[in-house]
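First residue of the sequence shown: 85, per our numbering; consecutive thereafter.
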Amino acid sequence: MSSGELPIGRRVARWRVRRGMTQQMLADRLGKSKSWVDKVERGARRLDRYPTIQQIGEVLRVDPMVLLGQRRPPQQQDAGTPDGVDGIRAALARYDRAFGNPVLPVEVRRQVEHAWLSFQHAHYAQLVRALPGLLDAA
């Protein structure tokens, strides 16, 4: 079964997982309950209002037509979105992350200094790779 043949709820679930979001995170951003998101993804609740589909598309950063199964998503990222930006977005979205092994302040300082030098020398690819770890450490 191709993604165009999937019910809309399953497509929402796929894009939510691709964006590294939990059902609760999606619900919070939509102003809905986790139960509502769960029912939509299981197909127990229909998505038949375009404004709601549009809102979900905005939160998941996907064209509503893709959610409706009427167009395949591009194989590559948009030309305006550099590689690695999704990792930064995911790190920023992890507000409910449980704190694991704390990073020593000396190590964080070294990583920040390296990131700052990468920025100053226009090594943006290195900076983008470093930022998710720094955001997690913060």
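Note that CB positions come from ideal geometry on N, CA and C, so glycine has one too.
- By the CB criterion at 8 Å, V121 and L110 fall inside the cutoff.
- Annotated three-state conformation of P189 is helix, per DSSP.
- Within the same chain, A199 come within 6 Å of A214 by CB-CB distance, once the 5 residues on both sides are set aside.
- In this structure, I92 sits near L131, with a CB-CB distance shorter than 8 Å.
- 8 Å or more divides the Cβ of Q195 from the Cβ of G168.
- In the three-state reduction of the DSSP assignment, S117 falls in the coil class, being assigned neither a helical nor a strand state.
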